[in-house]
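Just so we're aligned: the sequence shown equals residues 13 to 451 in my numbering. Okay, so here's the structure we're looking at.
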Amino acid sequence: MKNKYLYIATFGCQMNVHDSEQMAALMKESGYQPTEYPGKADLILFNTCSIREKAEQKAFSELGRILRFKKRHPKLIIGFGGCLAQHLGAHVFHRAGEVDFVFGTHNIHLLPEMVAVVEKNRQRITQTDFHKILPSANIFAPPQKGSVSCFVTIMQGCNNFCAYCVVPYLRGPEMSRTPQKIIEEIKRLTDYGIKEVTLLGQNVNSYGKTQEGQINFAALIKKVGQVDGIERIRFTTSHPKDLSEELINCFAEEKKLCEHIHLPVQSGSNKVLELMNRGYTVEDYLEKVARLRQVCPRISITSDIIVGFPQESEKDYQETIDMMGKIRFDSVFSFKYSERKGTAAQKLEGKVEEAEKLRRLKALQSMQDEYTLQKNKQLEGSTQEILVEATSKNSESDMMGRTRSWKIVNFKGNHALAGMLVEAKITRAYLHSLRGEIN
Ligand code: SAH
Ligand code: SF4
Ligand code: F3S
Numbered sequence: 013m014k015n016k017y018l019y020i021a022t023f024g025c026q027m028n029v030h031d032s033e034q035m036a037a038l039m040k041e042s043g044y045q046p047t048e049y050p051g052k053a054d055l056i057l058f059n060t061c062s063i064r065e066k067a068e069q070k071a072f073s074e075l076g077r078i079l080r081f082k083k084r085h086p087k088l089i090i091g092f093g094g095c096l097a098q099h100l101g102a103h104v105f106h107r108a109g110e111v112d113f114v115f116g117t118h119n120i121h122l123l124p125e126m127v128a129v130v131e132k133n134r135q136r137i138t139q140t141d142f143h144k145i146l147p148s149a150n151i152f153a154p155p156q157k158g159s160v161s162c163f164v165t166i167m168q169g170c171n172n173f174c175a176y177c178v179v180p181y182l183r184g185p186e187m188s189r190t191p192q193k194i195i196e197e198i199k200r201l202t203d204y205g206i207k208e209v210t211l212l213g214q215n216v217n218s219y220g221k222t223q224e225g226q227i228n229f230a231a232l233i234k235k236v237g238q239v240d241g242i243e244r245i246r247f248t249t250s251h252p253k254d255l256s257e258e259l260i261n262c263f264a265e266e267k268k269l270c271e272h273i274h275l276p277v278q279s280g281s282n283k284v285l286e287l288m289n290r291g292y293t294v295e296d297y298l299e300k301v302a303r304l305r306q307v308c309p310r311i312s313i314t315s316d317i318i319v320g321f322p323q324e325s326e327k328d329y330q331e332t333i334d335m336m337g338k339i340r341f342d343s344v345f346s347f348k349y350s351e352r353k354g355t356a357a358q359k360l361e362g363k364v365e366e367a368e369k370l371r372r373l374k375a376l377q378s379m380q381d382e383y384t385l386q387k388n389k390q391l392e393g394s395t396q397e398i399l400v401e402a403t404s405k406n407s408e409s410d411m412m413g414r415t416r417s418w419k420i421v422n423f424k425g426n427h428a429l430a431g432m433l434v435e436a437k438i439t440r441a442y443l444h445s446l447r448g449e450i451n
């Protein structure tokens with residue numbers, strides 16, 4: 013039988029990246045080998061995102077680019093999945109008639125079946141039902157050859173309903189996986205040489221709350237810490253309102269837990285935070301940051317910020333700027349507010365003009381760039397533990413790895429170092445990376 017090839021176009025967050033890995037693993041069992049070239053593929057899967065309007069536009073423009081391959085290869089099958097697929101359902105066919113099937117976020121497990129039906133009958137299919145227990149939760153995706161770091165999903169969905177956000181509608185309610193399944197998967201990953209795991213969920217610190225008799229997130233971290241072969245533990249994303257004292261203490265107590273937390277603050281104005289339904293005040297947030305730094309002085313703190321949320325005045329925006337000056341995050345992902353259909357914020361009055369949002373975003377980003385560079389400069393001359401990942405993007409003779417604080421370090425070295433923990437002296441700091449030397 014002729015080899016069949018699968019190309020996956022992935023958009024969106026780490027959750028989607030991980031889902032794509034599961035899709036590849038499933039389809040491999042049905043005889044589809046992965047390829048990096050869409051022109052070579054017999055099956056193309058879109059794993060889409062709907063978080064902001066731009067993410068949707070990106071998916072459709074990539075789809076437009078891919079459609080020319082269908083002209084050349086009429087048997088090519090195109091599947092449209094992920095959060096945007098969950099949102100649009102069968103409407104995807106109206107926007108892109110060349111798509112063969114649509115699958116939502118809870119239906120990854122149905123992929124082989126759907127592809128088989130399309131191969132046979134060439135009929136259009138849509139599967140966007142939600143399930144009480146996520147059927148794809150335990151699909152094992154073997155890590156790529158040579159990789160040292162992996163995501164492990166510990167929970168799915170979200171119950172928070174932040175006013176701007178579509179995720180609870182598109183990923184369904186919060187569901188935690190059992191600790192047994194999680195540990196089993198991590199042990200299996202160590203057999204492939206994985207040394208670092210990132211525990212993944214929309215709101216990892218409410219892990220366990222949705223199932224009776226489960227352990228909490230801090231206890232889960234300690235359990236993961238006992239797995240032989242795992243040297244580093246990370247997690248993402250945590251919600252400030254659920255960041256417990258017990259979890260903060262893990263940064264001192266659990267040696268394998270890396271000194272980095274991504275803790276999205278979204279705004280520095282209490283008025284805006286309330287409108288966003290975030291469930292904490294700026295003062296609460298500052299207190300949590302102070303506690304984190306008390307318990308773990310080396311901790312790196314990164315965040316997400318939205319500018320131009322409805323009714324955000326110049327004063328509210330300035331409060332965000334002031335807060336950033338007080339906290340000095342290691343880095344920040346910042347976004348212009350993007351209106352999403354069906355969310356609570358869509359109904360709010362007082363929308364901010366696009367040009368004004370852009371002005372606020374640019375000013376905030378250039379200020380944060382200065383802070384990020386200052387933070388990185390503080391590491392010059394220090395020695396950092398690095399988990400070596402791969403050859404550097406910049407130069408064939410360089411390797412790259414990450415510090416425990418999640419910063420990229422490039423250094424002279426050969427490929428044999430991949431997967432090893434090394435000590436590097438930081439010789440130079442830049443905005444997006446560090447330069448180091450190993451002995
Ligand atoms: N569950 C995570 C990540 C959610 S999406 C969390 O709660 O932090 C990642 C980021 O996208 C969010 O933190 C937020 O800053 C941003 N975001 C979400 N919806 C948005 C919208 N409608 N417009 C602009 N940014 C948005
Ligand atoms: Fe969206 Fe809020 Fe849930 Fe994060 S916590 S996924 S921002 S609703
Ligand atoms: Fe996008 Fe869905 Fe993730 S909307 S950010 S891919 S959860």
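Ideal placement from N, C-alpha and C gives every residue a C-beta, glycine not left out. Values in this document were obtained by computation on a predicted structure and should not be read as measured data.
Within 10 angstroms of the Cβ of residue i, are there 16 or more other Cβ atoms? Answer buried if so, exposed if not.
i, result
"Ser343", "buried"
"Phe152", "exposed"
"His99", "buried"
"Gln34", "buried"
"Tyr329", "buried"
"Gly94", "buried"
"Ser417", "buried"
"Tyr49", "exposed"
"Lys353", "exposed"
"Ala367", "exposed"
"Ala67", "buried"
"Asp240", "exposed"
"Pro322", "buried"
"Leu370", "exposed"
"Glu295", "exposed"
"Ile145", "exposed"
Let's see if you can read the secondary structure: which residues bound the alpha helix (DSSP H) around residue i?
i, result
"His106", "103–107"
"Met335", "326–339"
"Val127", "123–133"
"Ala302", "294–307"
"Val236", "229–237"
"Pro191", "191–202"
"Arg7", "Given that the chain is displayed from residue 13 to residue 451, the structure contains no residue 7 and the question cannot be resolved."
"Phe263", "257–265"
"Asn282", "282–287"
Assuming residue i is part of the beta strand (DSSP E), what are its boundary residues?
i, result
"Thr210", "208–212"
"Thr314", "312–319"
"Val114", "113–115"
"Asp31", "Careful: Asp31 lies outside any beta strand (DSSP E), inside the alpha helix (DSSP H) at 26–41."
"Arg447", "446–450"
"Val344", "343–348"
"Lys87", "Run containing Lys87: none; DSSP gives neither H nor E here."
"Tyr44", "44–46"
"Arg414", "410–415"
"Lys424", "420–424"
"Arg246", "244–248"
Which one or two residues does DSSP pair with residue i in a beta bridge?
i, result
"His178", "Checking the sequence shown, residue 178 turns out to be Val, not His. Paired residues: none, contrary to the question."
"Val434", "Ile398"
"Ala53", "Paired residue(s): none; Ala53 is not in a bridge."
"Lys70", "In the DSSP output, where bridge partners are listed per residue, Lys70 has none listed."
"Ala21", "Phe58"
"Gly94", "Thr60"
"His272", "Ser312"
"Ala357", "In DSSP, Ala357 forms no bridge with anything."
"Ser188", "Met167"
"Thr138", "Val114"
Can you determine whether any heavy atom of the ligand MG sits closer than 7 angstroms to the C-beta of residue i, and answer yes or no?
i, result
"Arg340", "Summarising the ligand content, the structure contains the ligand SAH, the ligand SF4 and the ligand F3S and does not contain the ligand MG."
Task: Segments of 3+ residues assigned as beta strand (DSSP E) that fall wholly inside the region 140–171 - done: 161–165
Open item on the list: For the structure I just gave you, are there three or more beta carbon pairs, one from the region 258–276 and one from the region 314–323, closer than 8 angstroms?
Closed with: yes
Task: Cβ pair count under 8 angstroms reaching 3, the region 257–271 against the region 283–299 - done: no
Open item on the list: Would you call the region 52–66 in contact with the region 18–25, where contact means no fewer than 3 C-beta pairs closer than 8 angstroms?
Closed with: yes
- [ ] Decide if the region 107–121 is in contact with the region 180–198; the criterion is three or more beta carbon pairs, one per stretch, under 8 angstroms apart.
- [x] With a cut-off of 8 angstroms, the region 180–198 and the region 107–121 count as touching, because enough Cβ pairs lie within range.
Open item on the list: I want to know whether the region 440–448 touches the region 386–394 - three or more CB-CB distances under 8 angstroms.
Closed with: yes
TODO: Could you tell me whether the region 209–223 touches the region 163–174, using the rule of 3 or more Cβ pairs below 8 angstroms?
DONE: yes
Open item on the list: Does the structure place the region 134–142 close enough to the region 102–116 that three or more beta carbon pairs sit under 8 angstroms?
Closed with: yes
Open item on the list: With three or more beta-carbon pairs closer than 8 angstroms as the criterion, would you say the region 296–309 touches the region 248–259?
Closed with: yes
Task: Any 3 or more C-beta pairs closer than 8 angstroms across the region 25–39 and the region 73–90 - done: A contact between stretches requires three or more CB pairs, one per stretch, nearer than 8 angstroms, and the region 25–39 fails this requirement with the region 73–90.
TODO: Pair every Cβ in the region 393–409 with every Cβ in the region 169–180, then say whether three or more of these pairs are closer than 8 angstroms.
DONE: no
Open item on the list: Using a Cβ distance threshold of 8 angstroms, determine whether the region 364–383 contacts the region 422–434, with at least three qualifying pairs required.
Closed with: no
Task: At least 3 beta-carbon pairs within less than 8 angstroms: the region 213–230 vs the region 185–200 - done: yes
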